[in-house]
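The next block holds one structure in the form of structure tokens; read it before the comments.
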Amino acid sequence: MSDAVISSVPQGMPAVELEPRLRTIVSHADDNLILAQRLGEWISNAPDLEIDIALGNIALDHLGVARALYTHAGRVEDEGRTEDDFAMRRTEREFLNLLLVEQPNVDFAHTIVRQFFFDVYQGLLWDDLMDSDDETLAGVAARARKEAAYHYEFSSSWMVRLGDGTEESHARAQRGVDSLWRYTAELSAPYPHAWQRRVEGVFGQSGLRPAEDPYQRSGGREGFHTEHLGALLAEMQWMDRTYPGLRW
Amino acid sequence: MPVATDLRSVVSSVVDPEIPVLTIADLGILRSVALDGDHVVVTITPTYSGCPAMRQIEDDIADALRREGVESFEVRVTHNPSWTTDWISDEGHRKLADFGIAPPTDMSEVLCPRCQADHPKMIARFGSTACKALMVCSSCREPFDYFKRF
Chain A
-1 MSDAVISSVP
9 QGMPAVELEP
19 RLRTIVSHAD
29 DNLILAQRLG
39 EWISNAPDLE
49 IDIALGNIAL
59 DHLGVARALY
69 THAGRVEDEG
79 RTEDDFAMRR
89 TEREFLNLLL
99 VEQPNVDFAH
109 TIVRQFFFDV
119 YQGLLWDDLM
129 DSDDETLAGV
139 AARARKEAAY
149 HYEFSSSWMV
159 RLGDGTEESH
169 ARAQRGVDSL
179 WRYTAELSAP
189 YPHAWQRRVE
199 GVFGQSGLRP
209 AEDPYQRSGG
219 REGFHTEHLG
229 ALLAEMQWMD
239 RTYPGLRW
Chain B
2 MPVATDLRSV
12 VSSVVDPEIP
22 VLTIADLGIL
32 RSVALDGDHV
42 VVTITPTYSG
52 CPAMRQIEDD
62 IADALRREGV
72 ESFEVRVTHN
82 PSWTTDWISD
92 EGHRKLADFG
102 IAPPTDMSEV
112 LCPRCQADHP
122 KMIARFGSTA
132 CKALMVCSSC
142 REPFDYFKRF
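The listed protein sequences derive, respectively, from chains A and B. Read in order, the letters of the first sequence correspond to residues -1 to 246 in our numbering. Read in order, the letters of the second sequence correspond to residues 2 to 151 in our numbering.
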């Protein structure tokens, strides 16, 4: 028994073993699925109808990217896993999404900050993956890149409106930045300079600033999550786990 | 025995469930219809990642083929090259405008589909579906959908 516990992975939790190419595809699919789920929680609860529709549409884009990538991952893996197997039948430790996207909704400003940080990252990511040797991944990236530009227009213009708006909206946007900043090192790691430059540009226009607390947390890409992902999955996967194989 | 060209016209007549004046051929979604013996392979490219109509379109293609007595077929989805609004045909542009939706073009060239006035105002970047923005005409004051260039 003593041999079994010599591992960096907590006992009882399987490590995620995916070959690197598959791991990349699943990581990006997971980011998009989890963020779609968070954005979907806004439907019927947004500050006004246009924002409700916008957040719902952005969620649908992310969900569509996730579905295309899971289906592709299933083909690459070639073990018969479907998009639903990836989305609905994996545990928390098997999800490889960034910690930022699983953070629960607080208020509209917090959601905009989360979306903005992610949109800047995805803009850079899709630019990069468009030239991937993996043709399907490149095709998904070429389309997602144009969608990410629409999302960025929405989130960055709201960053400016909130940050440079009323005392209340500014305070809420800054609180969003302060609470989410700790998840940005993990997010910006592949493109640290470009990410920072773009974020600083919008901070400059909106009167917002990085959090004073430099603490950073990471682990999402290795399957170590904040306490919020488990609860999100419990809700999202409930139907499929309760009624296995259910179809509509 | 089905013939590929006939089947192409059958599949081409499937319409977009959200914009029923447009066929999937007008939209540029339909990439190919090929015959492999008796087996029909239809290849389509999804529009927006989040377009909920894609599943419906796959089902409608299947129904159209079954009505023609085709039993052995598959609908393949390809992501590369990725779809762009440039694939919407001229006929598609005309049908969209007639239907009251401003077809995709540069924002500076969007015309009100009702009175042809230029420089409408954007009300919401995300409209009734993912592919459309909500506009209002600066002349006749009527709101209308604009199919976003993509």
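Note that CB positions come from ideal geometry on N, CA and C, so glycine has one too.
Report the neighbours of residue i on chain A: residues whose CB is nearer than 8 Å to its CB, in chain order.
| i | result |
| --- | --- |
| residue 126 of chain B | 52, 148, 151, 152 |
| residue 118 of chain B | Here the premise fails: no neighbours, minimum Cβ distance about 23 Å. |
Got a sec, what are the start and stop residues for the beta strand (DSSP E) residue i sits in?
| i | result |
| --- | --- |
| residue 40 of chain B | 40 to 45 |
| residue 141 of chain A | Where residue 141 of chain A is concerned, there is no enclosing beta strand (DSSP E), although the alpha helix (DSSP H) it sits in stretches over 133 to 161. |
| residue 136 of chain B | 133 to 137 |
| residue 75 of chain B | 74 to 78 |
| residue 93 of chain A | Premise fails: residue 93 of chain A is in no beta strand (DSSP E) and is neither H nor E. |
| residue 145 of chain B | 144 to 148 |
List, in order along the chain, the chain B residues whose C-beta lies closer than 8 Å to that of residue i?
| i | result |
| --- | --- |
| residue 137 of chain A | 79, 80, 81, 82, 83 |
| residue 140 of chain A | 81, 82, 83 |
Below 8 Å between beta carbons: does that hold for residue i and residue j?
| i | j | result |
| --- | --- | --- |
| residue 36 of chain A | residue 95 of chain A | no |
| residue 100 of chain A | residue 223 of chain A | yes |
| residue 141 of chain A | residue 88 of chain B | no |
| residue 133 of chain B | residue 119 of chain B | no |
| residue 161 of chain A | residue 98 of chain A | no |
| residue 105 of chain B | residue 149 of chain B | yes |
| residue 175 of chain A | residue 209 of chain A | yes |
| residue 153 of chain A | residue 107 of chain A | no |
| residue 71 of chain A | residue 20 of chain A | yes |
| residue 93 of chain B | residue 27 of chain B | yes |
| residue 149 of chain A | residue 117 of chain A | yes |
| residue 12 of chain B | residue 43 of chain B | yes |
| residue 52 of chain B | residue 62 of chain A | yes |
| residue 90 of chain B | residue 116 of chain B | no |
| residue 22 of chain B | residue 96 of chain B | yes |
| residue 98 of chain B | residue 114 of chain B | yes |
| residue 59 of chain A | residue 145 of chain A | yes |
Measuring CA to CA, which of the options is closest to residue i?
| i | options | result |
| --- | --- | --- |
| residue 59 of chain B | B:15, B:80, B:92, B:36 | B:15 |
| residue 151 of chain A | A:53, A:22, A:234 | A:53 |
| residue 56 of chain B | A:46, A:42, A:66, A:55 | A:66 |
| residue 28 of chain A | A:64, A:119, A:128 | A:64 |
| residue 18 of chain A | A:220, A:42, A:125 | A:220 |
| residue 77 of chain B | B:102, B:8, B:131, B:33 | B:33 |
| residue 119 of chain A | A:135, A:197, A:136, A:137 | A:197 |
| residue 186 of chain A | A:59, A:61, A:122, A:211 | A:122 |
| residue 73 of chain A | A:61, A:155, A:236, A:134 | A:134 |
| residue 128 of chain B | B:8, B:12, B:19, B:79 | B:19 |
| residue 170 of chain A | A:213, A:105, A:130, A:112 | A:105 |
| residue 215 of chain A | A:245, A:179, A:239, A:226 | A:179 |
| residue 91 of chain A | A:24, A:200, A:173, A:241 | A:24 |
| residue 79 of chain B | A:79, A:56, A:132, A:237 | A:132 |
| residue 88 of chain A | A:46, A:203, A:31, A:211 | A:31 |
| residue 75 of chain B | B:36, B:135, B:10, B:103 | B:36 |
| residue 33 of chain A | A:48, A:177, A:57 | A:57 |
| residue 15 of chain A | A:81, A:93, A:44, A:60 | A:93 |
| residue 177 of chain A | A:110, A:237, A:130 | A:110 |
| residue 10 of chain B | B:50, B:47, B:69, B:111 | B:69 |
| residue 108 of chain B | B:131, B:100, B:136 | B:136 |
Which residues bound the alpha helix (DSSP H) around residue i?
| i | result |
| --- | --- |
| residue 201 of chain A | 190 to 204 |
| residue 18 of chain A | 18 to 38 |
| residue 73 of chain A | 47 to 75 |
| residue 119 of chain A | 106 to 127 |
| residue 124 of chain B | Segment 122 to 125 is the beta strand (DSSP E) holding residue 124 of chain B; no alpha helix (DSSP H) there. |
| residue 1 of chain B | The question about residue 1 of chain B has no answer here: the residues shown for chain B are numbered 2 through 151. |
| residue 31 of chain B | No alpha helix (DSSP H) contains residue 31 of chain B, which is instead part of the beta strand (DSSP E) from 31 to 37. |
| residue 170 of chain A | 165 to 178 |
| residue 226 of chain A | 226 to 240 |
| residue 20 of chain B | Residue 20 of chain B -> no alpha helix (DSSP H), and no H or E assigned at all. |
Name the chain A residues whose beta carbon is nearer than 7 Å to that of residue i?
| i | result |
| --- | --- |
| residue 151 of chain B | 144 |
Residues of chain B with a CB under 7 Å from the CB of residue i: which are they?
| i | result |
| --- | --- |
| residue 48 of chain A | 125 |
Counting only Cβ pairs nearer than 9 Å, list the residues of chain B close to residue i.
| i | result |
| --- | --- |
| residue 134 of chain A | 79, 80, 81 |
key: Near-chain B residues of the stretch 53 to 71 of chain A (beta-carbon distance less than 9 Å), N- to C-terminal order   = 53, 54, 55, 56, 57, 58, 59, 60, 61, 62, 63, 64, 65, 66, 69, 70
key: chain A contacts from the stretch 48 to 64 of chain B (Cβ-Cβ distance under 9 Å)   = 48, 49, 50, 51, 52, 53, 55
Contact list for the stretch 82 to 108 of chain B against chain A, Cβ threshold 7 Å = 82, 83, 84
inquiry  = To be precise: take each residue of the stretch 25 to 45 of chain B, compare its Cβ to all Cβ atoms of chain A, and keep it if any distance is under 8 Å. Which residues remain?
reply    = none
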